[in-house]
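Numbering (the numbering used here), first residue to last: 1 to 470.
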């Protein structure tokens, strides 16, 4: 393992004059209920957003932020910039966003470092903070997490730089006043290894180039286990080959859960989505069912039964699974059969001859009666998918863009509905989904040469783990 750069960073002093970091005793708020422990961002009147970061202006994945006010009232925000140099750029104070509006916050050029991240505190008022990333390989937009943590999971990545133009980097951001110490467990076809006792200094960003650590691997799993302190972890995956081209950048999976909803996995129409399920337990085997819920009520598809060894991952190439192709489009539910949870990642892939693109798809361990989403405009296609994961509740749903209702429908148990946003005249911006029962909402968009998509923010007051729904 090539640890020279990491070890050099670990011995740098964290006490830089003027360092702006969060008080670990003050933010984020104490975990009050199960909803705050979810992998899905949760929205409240006052929210801290931990955007994991990407590269500065000269890099291959240039990072930016966007703050959106998801209700009718103005929202104020304060942005803090962290980088890998330890020199703290001047903070951007009091970003003011009018109700229903959005404001871009360029942070890549505010740093002299190579890797840059942002922490945004919003409120009072409902907001949604998105990390945007752009490079020659593509673009990405991902909602920033609202929690830090002591375990982060990357179920799947790839590092075949020579064969497929794949590069994979972990981005570790520590906005707190104490150093974070962690181990990174790595698993690939070449075996297992651990990067032990890595240090992410207070107020610092550290990048771990997995392309160098696990070279030329088609399937890489990384489990970040924080032994002291806490942090936020993200990934930057770049693919530039003869058959695929794209970029995905956003947070790793922040928690494990026994049930995950996957409303909009696709295996038809030129998409070749990958579903990766990781068992991060160091000692227990995870027995997992991936249930298939076709849109056609007469279609039947047997679940995938997975037995996942400790620390291992199973990847399903959905377009290659005949039972899915025969059943037609639908939703998936990933269900661990024991008490130990799993981590789930969905990557949307479109072949280069169809335009190319790589995006992080929307998966959720939480359901809520209200969701806020920001969907970029200017795309060739854009959809919103709402899924009712309950086994017995019926969910009337209303989708609004500002004061305009763009769609309304009723979802039976285990059913989903997809809204064509281009067809209903939505040109990009903030969407709000309100339902009488808890649902999951995700979005997806495609341009001529890129894919975008993901999950938005769940209203904290009504968020509940999918595993606890009736």
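Idealized CB from N, CA, C, for every residue including glycine.
In this structure residue 207 is not in contact with residue 159, their Cβ atoms being roughly 14 Å apart against a cut-off of 8 Å. Contact between the stretch 49-69 and the stretch 136-148 is present, with at least three C-beta pairs closer than 8 Å.
Along the length of the stretch 145-198, whole beta strand (DSSP E) runs at least 3 residues long occupy 151-157, 167-174 and 180-188, reported in chain order. Beta-bridge partners of residue 423 (DSSP): none assigned. The three-state secondary structure of residue 431, taken from DSSP, is strand. In this structure residue 343 is buried. Its beta-carbon is surrounded by 16 or more other beta-carbon atoms within 10 angstroms. For residue 368, the closest alpha carbon among the candidates 313, 113, 397 and 345 is that of 397. With 16 or more other CB atoms across the displayed protein chains lying within 10 angstroms of its CB, residue 308 is buried. Approximately 7 Å separates the beta-carbon atoms of residue 371 and residue 457; this is inside 8 Å, confirming the contact. Residue pairing for residue 451: DSSP places it in a beta bridge opposite 446. Between the alpha carbons of residue 452 and residue 443 lies a distance of about 8 Å. At the C-beta level, residue 463 and residue 426 stay beyond 8 Å of one another.
Taking 8 Å as the cut-off, the Cβ atoms of residue 391 and residue 261 do not count as close. Secondary structure within the stretch 367-401: the beta strand (DSSP E) runs of 3 or more consecutive residues, fully enclosed, are 381-387 and 395-401 (chain order). Between residue 394 and residue 465, the alpha-carbon positions lie close to 17 Å from each other. Looking at the DSSP output, residue 257 sits in a beta bridge with 342. Cα atoms of residue 292 and residue 238: separation of roughly 30 Å, rounded to the nearest angstrom.
If you draw a 10 Å sphere on the C-beta of residue 190, you find fewer than 16 other C-beta atoms in it, and that means exposed. If you look at residue 323, you'll find it in the alpha helix (DSSP H) that goes 322-327. The continuous alpha helix (DSSP H) containing residue 210 extends over residues 210-213. Sixteen is the threshold: when 16 or more other Cβ atoms of the shown chains lie within 10 Å of the Cβ of residue 182, as they do, the residue is buried. Boundaries of the beta strand (DSSP E) harbouring residue 307: 304-308, taken from the DSSP string.
A distance below 8 Å separates the beta carbons of residue 194 and residue 186. For residue 287, the enclosing beta strand (DSSP E) begins and ends at 286-294. Going by DSSP, residue 249 is part of the beta strand (DSSP E) stretching over 245-251. Boundaries cannot be given for residue 216, as no beta strand (DSSP E) includes it and DSSP labels it neither H nor E.
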